[in-house]
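Top to bottom, those sequences are chains A and B.
Okay, so the first sequence: first residue is 1408 according to my numbering, each after it adds one.
Okay, so the second sequence: first residue is 1408 according to my numbering, each after it adds one.
Here a beta-carbon is modelled for each residue, glycine too, at the ideal position from N, C-alpha and C.
Please read all numbers here as calculations on a predicted model, not as lab measurements.
Heads up, the thing below is written out as structure tokens.
Number of protein chains: 2
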Amino acid sequence: MTHPVSPLAVTLPEMPPLPGVRLGAAAAGIRYKGRTDLVMVELAQGTTVAGVFTRNKCPGAPIGWCREALKGGQARGLVVNAGNANVFTGRAGEEAARRSAEAAAKLLGCAEEEVFLASTGVIGEQLPYERIVSALPALHNALTEDTWHDAARGIMTTDTFPKGAVRTAKIGGQTVRIQGIAKGSGMIAPDMATMLCFVFTDAAIPAAALQSMLGKAVKTSFNRITVDSDTSTSDTVLLFATGQADHPDVPETGGPALRDFARALSEVLLDLALQVVRDGEGAQKLIRIDVEGAVSHGSAEKIAMSIANSPLVKTAVAGEDANWGRIVMAVGKAGEPADRDKLGVAVGGVWMARNGGVIDGYDEAPVVAHMKGREINIAVDLGLGKGRATAWTCDLTHGYIDINGSYRS
Amino acid sequence: MTHPVSPLAVTLPEMPPLPGVRLGAAAAGIRYKGRTDLVMVELAQGTTVAGVFTRNKCPGAPIGWCREALKGGQARGLVVNAGNANVFTGRAGEEAARRSAEAAAKLLGCAEEEVFLASTGVIGEQLPYERIVSALPALHNALTEDTWHDAARGIMTTDTFPKGAVRTAKIGGQTVRIQGIAKGSGMIAPDMATMLCFVFTDAAIPAAALQSMLGKAVKTSFNRITVDSDTSTSDTVLLFATGQADHPDVPETGGPALRDFARALSEVLLDLALQVVRDGEGAQKLIRIDVEGAVSHGSAEKIAMSIANSPLVKTAVAGEDANWGRIVMAVGKAGEPADRDKLGVAVGGVWMARNGGVIDGYDEAPVVAHMKGREINIAVDLGLGKGRATAWTCDLTHGYIDINGSYRS
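Written out as structure tokens, the structure reads:
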């Protein structure tokens, strides 16, 4: 099942070589025919790693593998396959993961637990790891520094466009680069969508500091996007620091020296996260939701996500209807403090309701025009405090039903 | 916008007169033309009342009115209008509610706070309460004991069929009746769906005992159904006991004498709740989800609702795809204790997966046949404990997008 490219697609940026990273993609025939489905990345000695994984309680075998491997804080390789998620595959699935890591470790000359894994695709079927093991040697031989675009394509499942982001940051006056690739929200026809994101930097950053920054950056990027409120069993964000850049040493715990790096990392993650939303199943419009005036940031976040997850808000946007009534409903159902008589709602920058009622005679024309566009902005002011948060989602369209409701067997 | 009658519709049962209840419906022209949109119910002196309302933090004015009125525990009247929800209407909305209650109280010869109110329909527009006030006298004059079907139709918005349920119960050897009407899950085109449910009995039950039973019965009926996870600002369940039946006195706090009544009440509420799901927007299939083996009943309930609210599960059912992978995902995302390697999933009574893996060679034929039917059963066994719960939902189809994504302005 091939889907047309999302109307919200953006172009893959130029992705230059990053010192300490060699990568490549191969067609291992795991499920797809005639396309790449296996990506390998070799990382320089001394590379540190941080990771954030799905909170789903039934995660895939690669998630378990990565959580264990992460304890060492060191990485030399990454192997990603598309077409089979290695989820709900029991002991055999764990064995398949171990075998893949073992084969990569042998080629890379490192310990198994320095190899990270991610799988995405159909679930409940055994991963044909022999195909990975037999494809790896040739793939390893062909690794280069300038195959980022191939890697971005190789991790796709039914994503309609490849996703990448690049930023630079200063550490102690020296410029370092952060660049990453992601996949998401396409379907392994018709199984579940998965978000995978791999970010690399040439900076030298201790694993603990890396983990702390990654955790924070994920909170305001990948944890603030939603396509359909469902949580994949394989969601993975990994951040690798190859340490090849020449900058002053960074303390174990990070600190002020990493402030600019943290900013750039957040930008890369948000850029990739928004590309995932732009490729949301059936998405025709990107929706940004800004909540302010909540009693706390945490409260604002829950309200923003409640709006972002509301099927009634998302179908209204699909219908180009600035339906503030549904927005009020979604605020109320979040269960967070809200006072109906202080609530305000704006669409496209025009306040339609304030202090618990419609603004008589507000100018409808710019709102109607805004709703016809590709990028929709919704703002809510709770009028209670200083809490604020932003979330992103896409509209809910017939395309979503087409993609997810098609008969499999 | 008129929608075809749901393929899951059931027929309104015979609803005989209930001692102490006189009711009727009128066309007050609140929003609709050429149909009834105002329902009035007169209740015998001494009627006790219990109520459960939406948890939405931005509820409509009638919810605020009912919560206050409920403190008295006594009811003499109920006024329900369709076409305007009186939500997000500020002080003027509260005034409109008060005026409606006042007008009804005058006709019924009772205190304002003995009149209960419910409104459903468009939100953010002022309720034209003058139309209610001027329609009430003639409506009051025409109240009879045998217009239950008219009332069931008068509270509809874009429901595709009227909803009613009747049961009998024994209190101290005497037979009493419980019968109710409900509306739900149609849309006030295209504003939000609202569930309203009004249940009446001729039993004599103190308000405290009534409230306690209603709270319990709602937990396993209306709180276990979901159409799209959105929570209306007007959801209301009211239970009135007219005290006209001749049975031994019931203690203030209820107790064993009410055991059979509680059972019948739960049946009435569940019957009505399932009718609401059967009229879910775009519903083509009714889905029942049984969860067992969870660590507790509460945990089972969360897992059942997580499956019921999953768009990926609901679109799979729409596509007649017994996609147990998505069910596993929905179990995992509930955040409740689950062990991948103990999990089992059955569809239509056939176990497709056990102990964390597909059952090799399970019989697909009955599963495929089951998925083609109107009523789909999903069962999940966590294999951890004795917690169990059941939830109901409907599939997610193009009809849902059609109804909710149509352009309003």
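Would you call residue i buried or exposed, if buried means 16 or more other Cβ atoms sit within 10 Å of its Cβ?
| i | result |
| --- | --- |
| residue 1452/A | exposed |
| residue 1642/B | buried |
| residue 1752/A | buried |
| residue 1727/B | buried |
| residue 1570/B | buried |
| residue 1685/A | buried |
| residue 1541/A | exposed |
| residue 1412/B | exposed |
| residue 1581/A | exposed |
| residue 1704/B | exposed |
| residue 1768/B | exposed |
| residue 1786/B | buried |
| residue 1656/A | exposed |
| residue 1802/B | buried |
| residue 1779/B | exposed |
| residue 1454/B | buried |
| residue 1689/A | buried |
| residue 1771/A | exposed |
List, in order along the chain, the chain B residues whose C-beta lies closer than 7 Å to that of residue i?
| i | result |
| --- | --- |
| residue 1765/A | 1531 |
| residue 1747/A | 1465 and 1495 |
| residue 1805/A | 1805 and 1808 |
Given a cut-off of 8 Å on the beta-carbon distance, is the pair residue i and residue j in contact?
| i | j | result |
| --- | --- | --- |
| residue 1634/A | residue 1687/A | yes |
| residue 1561/A | residue 1444/A | yes |
| residue 1500/B | residue 1524/B | no |
| residue 1624/B | residue 1603/B | no |
| residue 1459/A | residue 1482/A | no |
| residue 1545/A | residue 1447/A | no |
| residue 1609/A | residue 1652/A | yes |
| residue 1702/B | residue 1806/B | no |
| residue 1640/B | residue 1467/B | yes |
| residue 1691/B | residue 1804/B | yes |
| residue 1491/A | residue 1528/A | yes |
| residue 1823/A | residue 1781/A | No statement about residue 1823/A is possible, as the shown extent of chain A runs from 1408 to 1816 and does not include it. |
| residue 1591/B | residue 1620/B | no |
| residue 1669/B | residue 1797/B | no |
| residue 1432/A | residue 1538/A | no |
For a contact defined as C-beta to C-beta under 9 Å, what are the partners of residue i on chain B?
| i | result |
| --- | --- |
| residue 1462/A | 1739, 1740 and 1742 |
| residue 1725/A | 1808, 1811 and 1812 |
By alpha-carbon positions, which one of the options ends up nearest to residue i?
| i | options | result |
| --- | --- | --- |
| residue 1789/B | 1585/B, 1560/B and 1744/B | 1744/B |
| residue 1421/A | 1555/A, 1603/A, 1499/A and 1461/A | 1555/A |
| residue 1575/B | 1663/B, 1423/B, 1657/B and 1619/B | 1423/B |
| residue 1822/A | 1701/A, 1707/A, 1699/A and 1740/A | The displayed coordinates of chain A run from 1408 to 1816. Any statement about residue 1822/A would go beyond what the structure contains. |
| residue 1506/B | 1632/B, 1631/B and 1469/B | 1469/B |
| residue 1479/A | 1515/A, 1618/A and 1426/A | 1618/A |
| residue 1650/B | 1433/B, 1578/B and 1472/B | 1578/B |
| residue 1415/A | 1566/A, 1627/A, 1516/A and 1487/A | 1566/A |
| residue 1674/A | 1731/A, 1721/A and 1586/A | 1586/A |
| residue 1680/A | 1668/A, 1695/A, 1666/A and 1775/A | 1695/A |
Looking at the C-beta of residue i, does it have a partner C-beta in chain A at a distance below 8 Å?
| i | result |
| --- | --- |
| residue 1495/B | yes |
| residue 1670/B | no |
| residue 1474/B | no |
| residue 1731/B | yes |
| residue 1808/B | yes |
| residue 1718/B | yes |
| residue 1628/B | no |
| residue 1750/B | yes |
So residue i contacts chain A; which residues on that side make the cut at Cβ distance below 9 Å?
| i | result |
| --- | --- |
| residue 1505/B | Neighbours of residue 1505/B on chain A: none; closest Cβ ~16 Å, over 9 Å. |
Does residue i have its Cβ less than 8 Å from a Cβ in chain B?
| i | result |
| --- | --- |
| residue 1785/A | no |
| residue 1773/A | no |
| residue 1816/A | Residue placement at residue 1816/A is flagged as unreliable, the pLDDT there being 34, under the threshold of 50; a coordinate-derived value is accordingly withheld. |
| residue 1777/A | no |
| residue 1392/A | A query on residue 1392/A cannot be resolved here, the shown segment of chain A reaching from 1408 to 1816 and no further. |
Starting from the beta carbon of residue i, find every residue of chain A whose beta carbon is closer than 7 Å, and list them in chain order.
| i | result |
| --- | --- |
| residue 1722/B | 1808, 1811 and 1812 |
What residues of chain A sit near residue i, judged by a beta carbon separation below 8 Å?
| i | result |
| --- | --- |
| residue 1639/B | 1736 |
| residue 1760/B | 1495 and 1531 |
| residue 1635/B | 1718 and 1719 |
Does any CB atom of chain C fall closer than 8 Å to the CB of residue i?
| i | result |
| --- | --- |
| residue 1660/A | Note that chain C does not occur in the displayed structure, where the protein chains are A and B. |
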